[in-house]
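Report on the following structure.
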Amino acid sequence: MAGPAAGETTVVGGGAGELVLMWVGFPLLGAGLGAALTAGSGWVADLPWFPFQGWFALLARLPGDRSYPVGAGVAALAGLAVAFVGTRERLTVTVGRAGARLHRDGHRRDVPRAAVAGVFLDGKALVLLDDAGRELAREPADLSEARLRAAFTGQGWPWLAGDPHRDAYRRWVAGLPGLPAGADALLSARQRALDADRGGEVRELRAELARLGVVLRDEGKRQYWRLVPGPADRDGPGR
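Laid out in structure tokens, this is it:
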């Protein structure tokens, strides 16, 4: 089968099915859960460890013809809120012969093909490397590996089976030698941000470390690092 013609792009995203699941499935699931909790609201209100005690006490006092619509409706709205956040966090990858665009939540990142020496998935993260081993982009991507591989290889990009530098990473432990000046303090701050689930700060500190020539990968909330020869690009990678 012939590949895309010059000027054509290949787009990889979650697709319409994922949107239907989020915008229909999550509210329905929320409504069902809300109705079930409403049915047991009197019992739940007596559990001292359960959150929103006042809310369940209120539901328990309402007559059934009012409590069920209220409980199911509020939970359905919560499902809609989850769907909204999930939609904004979806990554869309557009790949062409000359470059790739990574788009999420109104923000986009363009990476020229000439700068990229390899593309791979590191767990659920899409990573683009240059020929010095620097990360030009790292984006969480809950997308099909087969679709991503087909999109990049179909446009002539080098897809890798895994991280070619994986064996170069070392577990970060505060105070161990080998890091550039200032990197240990940044890693300490990033560890606190990871532990507190402050995603924006985690991404910002990754970019700061990239400028020092430190490339990171995370396993859970453990940080691993390796060095590259020289600073990374000014924007820095993602999370």
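The numbering used here numbers the first residue of the sequence shown as 326 and each following residue consecutively.
No residue lacks a Cβ here, since even glycine has one placed at the ideal position from N, Cα and C.
Computed from a predicted structure; not experimentally measured.
How about GLU533: is its Cβ closer than 8 Å to a heavy atom in the ligand HEM?
-> Annotation note on the ligand HEM: not contained in the displayed structure, which lists no ligands.
Can you round the beta-carbon distance between ARG528 and LEU541 to whole angstroms, since I take them to be within the 8 Å contact cut?
-> Along the sequence shown, read from residue 1 onward, the residue named residue 528 stands at position 203. Along the sequence shown, read from residue 1 onward, the residue named residue 541 stands at position 216. 11 Å between Cβ atoms; not a contact.
Which residue or residues does DSSP assign as beta-bridge partners of GLU544?
-> The residue you call residue 544 lines up with position 219 of the sequence shown. ARG547, per the DSSP bridge assignment.
6 Å Cβ shell around PRO437 - same chain, five flanking residues per side excluded = Position 112 of the sequence shown, counting from 1, holds the residue named residue 437. Closer than 6 Å at the Cβ level, and outside the excluded window around PRO437, lie GLY424.
Which value, in whole angstroms, describes the spacing of the CA atoms of VAL452 and LEU416?
-> Your numbering for residue 452 matches position 127 in the sequence shown. Your numbering for residue 416 matches position 91 in the sequence shown. For VAL452 and LEU416, the distance between alpha carbons rounds to 13 Å.
Between which two residues does the alpha helix (DSSP H) containing GLY359 stretch?
-> Position 34 of the sequence shown holds residue 359. Its alpha helix (DSSP H) spans residues 351-364.
Bridge-paired residues (DSSP) for ARG495 = Mapped onto the sequence shown, residue 495 falls at position 170. Bridge partners of ARG495: TRP550.
Secondary structure at ARG292, three-state DSSP: helix, strand or coil?
-> The first residue shown for the chain is 326 and the last is 564, placing residue 292 beyond what the model contains.
Helix, strand or coil for ASP390 per DSSP?
-> Along the sequence shown, one-based indexing puts residue 390 at 65. Note: ASP390 maps to helix in three-state DSSP.
Is LEU468 helix, strand or coil by DSSP?
-> Mapped onto the sequence shown, residue 468 falls at position 143. DSSP places LEU468 in coil when its eight states are reduced to three.
Are the stretch 480-493 and the stretch 437-450 in contact at 8 Å, needing three or more beta carbon pairs?
-> In this structure the stretch 480-493 lies against the stretch 437-450, because at least three pairs of beta carbons, one per stretch, are closer than 8 Å.
CA-CA distance, GLY367 and VAL539?
-> Indexing the sequence shown from 1 puts residue 367 at position 42. Indexing the sequence shown from 1 puts residue 539 at position 214. One C-alpha to the other measures close to 55 Å.
Length of the line joining the Cα atoms of VAL553 and GLY339 = By one-based count along the sequence shown, residue 553 stands at place 228. By one-based count along the sequence shown, residue 339 stands at place 14. Between the C-alpha atoms of VAL553 and GLY339 there is a straight-line separation of about 33 Å.
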